[in-house]
Amino acid sequence: AMSIRMKQNVDPKFVNRLLAVNFDQMDDMGEITIKPFLQDVVRIDGLVGSLARSFAADPTFMPQIVAHVGIPTLAEWLGHVSMIAAYDILFNMSSVIRPFVDRMDDPRERFVWRRRMEAWKFGSGNDYTFE
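The sequence shown begins at 208 in this note's numbering and counts up one residue at a time.
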(Lines of atoms letter the chains of each structure in order from A; the text may use other names.)
(Lines give C-alpha, C1' and ligand atoms only; values in the text may rest on other atoms or scores of the structure.)
Protein backbone atom coordinates (compact mmCIF):
# COMPACT_ATOMS: atom_id res chain seq x y z
CA ALA A 208 0.00 0.00 0.00
CA MET A 209 2.77 2.43 0.83
CA SER A 210 4.92 1.48 -2.12
CA ILE A 211 5.47 3.65 -5.15
CA ARG A 212 4.50 1.95 -8.37
CA MET A 213 6.36 2.26 -11.64
CA LYS A 214 5.44 5.42 -13.55
CA GLN A 215 3.57 6.75 -10.51
CA ASN A 216 4.07 10.49 -10.05
CA VAL A 217 4.83 11.08 -6.37
CA ASP A 218 6.44 14.04 -4.68
CA PRO A 219 10.04 12.94 -3.98
CA LYS A 220 9.68 14.19 -0.39
CA PHE A 221 6.51 12.15 0.29
CA VAL A 222 8.20 9.07 1.77
CA ASN A 223 10.72 11.12 3.75
CA ARG A 224 7.93 13.26 5.21
CA LEU A 225 5.87 10.20 6.11
CA LEU A 226 8.77 8.46 7.82
CA ALA A 227 10.00 11.60 9.58
CA VAL A 228 6.60 12.41 11.07
CA ASN A 229 5.93 8.83 12.18
CA PHE A 230 9.38 8.19 13.63
CA ASP A 231 9.35 11.53 15.47
CA GLN A 232 6.06 10.60 17.10
CA MET A 233 7.15 7.07 17.97
CA ASP A 234 10.39 8.42 19.41
CA ASP A 235 8.42 10.87 21.56
CA MET A 236 6.25 7.98 22.78
CA GLY A 237 9.37 6.19 24.00
CA GLU A 238 10.97 2.78 23.69
CA ILE A 239 7.76 0.97 24.53
CA THR A 240 6.47 2.11 21.13
CA ILE A 241 9.51 2.26 18.89
CA LYS A 242 11.36 -0.92 19.93
CA PRO A 243 8.61 -3.38 18.96
CA PHE A 244 8.04 -1.49 15.69
CA LEU A 245 11.73 -1.70 14.77
CA GLN A 246 11.54 -5.47 15.33
CA ASP A 247 8.46 -5.85 13.08
CA VAL A 248 6.03 -6.33 15.97
CA VAL A 249 2.81 -4.40 15.44
CA ARG A 250 1.00 -3.53 18.66
CA ILE A 251 -2.33 -1.72 18.73
CA ASP A 252 -1.24 0.76 21.41
CA GLY A 253 1.83 1.88 19.49
CA LEU A 254 0.08 1.87 16.13
CA VAL A 255 -2.96 3.89 17.14
CA GLY A 256 -0.93 6.21 19.34
CA SER A 257 1.68 7.01 16.71
CA LEU A 258 -0.91 7.45 13.95
CA ALA A 259 -3.05 9.77 16.06
CA ARG A 260 -0.02 11.83 17.04
CA SER A 261 1.24 11.90 13.44
CA PHE A 262 -2.10 13.18 12.17
CA ALA A 263 -2.17 15.82 14.91
CA ALA A 264 1.42 16.86 14.16
CA ASP A 265 0.87 17.15 10.39
CA PRO A 266 -2.88 17.20 9.64
CA THR A 267 -2.47 18.49 6.08
CA PHE A 268 -0.53 15.34 5.17
CA MET A 269 -3.41 12.92 5.81
CA PRO A 270 -5.29 13.71 2.57
CA GLN A 271 -2.08 13.07 0.62
CA ILE A 272 -1.61 9.71 2.32
CA VAL A 273 -5.22 8.71 1.63
CA ALA A 274 -4.88 9.82 -2.00
CA HIS A 275 -1.68 7.81 -2.37
CA VAL A 276 -3.01 4.64 -0.75
CA GLY A 277 -6.58 4.81 -2.01
CA ILE A 278 -9.87 4.29 -0.20
CA PRO A 279 -10.22 0.53 -0.93
CA THR A 280 -6.73 -0.23 0.37
CA LEU A 281 -7.28 1.98 3.40
CA ALA A 282 -10.56 0.21 4.17
CA GLU A 283 -8.84 -3.19 3.88
CA TRP A 284 -6.02 -1.99 6.16
CA LEU A 285 -8.54 -0.75 8.73
CA GLY A 286 -9.99 -4.26 8.77
CA HIS A 287 -6.56 -5.61 9.69
CA VAL A 288 -6.13 -2.97 12.40
CA SER A 289 -9.52 -3.85 13.86
CA MET A 290 -8.47 -7.51 14.03
CA ILE A 291 -5.27 -6.57 15.86
CA ALA A 292 -7.45 -4.65 18.33
CA ALA A 293 -9.82 -7.62 18.70
CA TYR A 294 -6.90 -9.99 19.29
CA ASP A 295 -5.49 -7.58 21.87
CA ILE A 296 -8.80 -7.57 23.75
CA LEU A 297 -9.05 -11.36 23.54
CA PHE A 298 -5.44 -11.78 24.67
CA ASN A 299 -6.13 -9.58 27.70
CA MET A 300 -9.07 -11.84 28.55
CA SER A 301 -6.86 -14.95 28.33
CA SER A 302 -5.92 -14.81 31.99
CA VAL A 303 -9.61 -15.18 32.86
CA ILE A 304 -10.23 -17.92 30.29
CA ARG A 305 -7.08 -19.99 30.94
CA PRO A 306 -8.23 -21.62 34.22
CA PHE A 307 -11.35 -22.92 32.46
CA VAL A 308 -9.29 -24.17 29.53
CA ASP A 309 -6.84 -25.91 31.84
CA ARG A 310 -9.71 -27.80 33.47
CA MET A 311 -11.25 -29.03 30.20
CA ASP A 312 -11.66 -32.79 30.14
CA ASP A 313 -11.23 -33.22 26.40
CA PRO A 314 -7.50 -32.93 25.55
CA ARG A 315 -8.27 -31.99 21.93
CA GLU A 316 -10.55 -29.17 23.00
CA ARG A 317 -7.96 -28.01 25.53
CA PHE A 318 -5.30 -28.09 22.77
CA VAL A 319 -7.50 -26.06 20.41
CA TRP A 320 -8.21 -23.42 23.05
CA ARG A 321 -4.53 -23.13 24.00
CA ARG A 322 -3.57 -22.61 20.35
CA ARG A 323 -6.38 -20.06 20.02
CA MET A 324 -5.00 -18.11 22.98
CA GLU A 325 -1.52 -18.29 21.45
CA ALA A 326 -2.95 -16.85 18.22
CA TRP A 327 -4.39 -13.96 20.23
CA LYS A 328 -1.00 -13.37 21.83
CA PHE A 329 1.01 -13.39 18.63
CA GLY A 330 -1.69 -11.73 16.52
CA SER A 331 -1.90 -8.80 18.92
CA GLY A 332 1.85 -8.25 19.21
CA ASN A 333 1.78 -9.21 22.88
CA ASP A 334 4.51 -11.75 22.30
CA TYR A 335 7.03 -8.93 22.42
CA THR A 336 8.84 -8.80 25.74
CA PHE A 337 10.30 -5.56 27.04
CA GLU A 338 13.67 -5.89 28.70
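In this text, a Cβ means the ideal position worked out from N, Cα and C, and glycines have one as well.
- prompt: Is it right to say Trp-327 is buried, meaning 16 or more other beta carbons lie within 10 angstroms of its own, or is it exposed?
  reply: Position 120 of the sequence shown, counted from the first residue, corresponds to residue 327. That one is buried.
query: Apart from the five residues just before and just after Asp-234, which ones in its own chain have a Cβ nearer than 7 Å to its Cβ?
result: For this step, residue 234 is matched to residue 27 along the sequence shown. Taken in chain order, the residues that qualify are Ile-241.
Residues of its chain near Phe-256, where Cβ-Cβ distance is below 7 Å and the 5 sequence neighbours each way are ignored: Taking the sequence shown and counting its residues from 1, one reaches residue 256 at position 49. The sequence shown places Gly at residue 256, rather than the Phe named in the question. Excluding positions up to five away in sequence, the list reads Met-236, Thr-240.
message: The alpha helix (DSSP H) that contains Gly-332, what's its start and end?
response: Walking along the sequence shown from the start, residue 332 turns up at place 125. Segment: none, Gly-332 is in no alpha helix (DSSP H) and carries neither H nor E.
task: To the nearest angstrom, report how far apart Arg-250 and His-287 are at their CA atoms.
output: Here the question's residue 250 lines up with position 43 in the sequence shown. Here the question's residue 287 lines up with position 80 in the sequence shown. Taking the CA atoms as reference points, Arg-250 sits about 12 Å from His-287.
query: Where does Gln-213 fall in DSSP's three states?
result: The residue given as residue 213 occupies position 6 in the sequence shown. Per the sequence shown, the amino acid found at residue 213 is Met instead of Gln. If DSSP states are grouped into helix, strand and coil, Met-213 belongs with coil.
query: Considering only residues of the stretch 251-291, which uninterrupted alpha helix (DSSP H) runs meet the minimum length of 4 residues and lie entirely inside it, listed in chain order?
result: The qualifying runs are 251-264, 269-276.
- prompt: Contact check, Arg-305 vs Met-324 under 8 Å by CB: the rounded distance?
  reply: For the purposes of this step, residue 305 is taken as residue 98 along the sequence shown, with counting starting at 1. For the purposes of this step, residue 324 is taken as residue 117 along the sequence shown, with counting starting at 1. The pair is a contact, with the Cβ atoms about 7 Å apart (cut-off 8 Å).
- prompt: According to DSSP, is Asp-234 helix, strand or coil?
  reply: Working through the sequence shown from its first residue, we reach residue 234 at position 27. In the structure shown, Asp-234 falls within a helical segment according to DSSP collapsed to helix, strand and coil.
- prompt: Run through DSSP, which three-state label would Met-311 get?
  reply: Walking along the sequence shown from the start, residue 311 turns up at place 104. Coil at Met-311, not helix or strand.
message: Residues in the same chain with beta-carbon distance under 8 Å from Val-308, minus the five sequence neighbours each way, listed in chain order, please.
response: As a working note, residue 308 is residue 101 in the sequence shown. Excluding residues within five positions, the ones whose Cβ falls inside 8 Å are Arg-317, Trp-320, Arg-321, Met-324.
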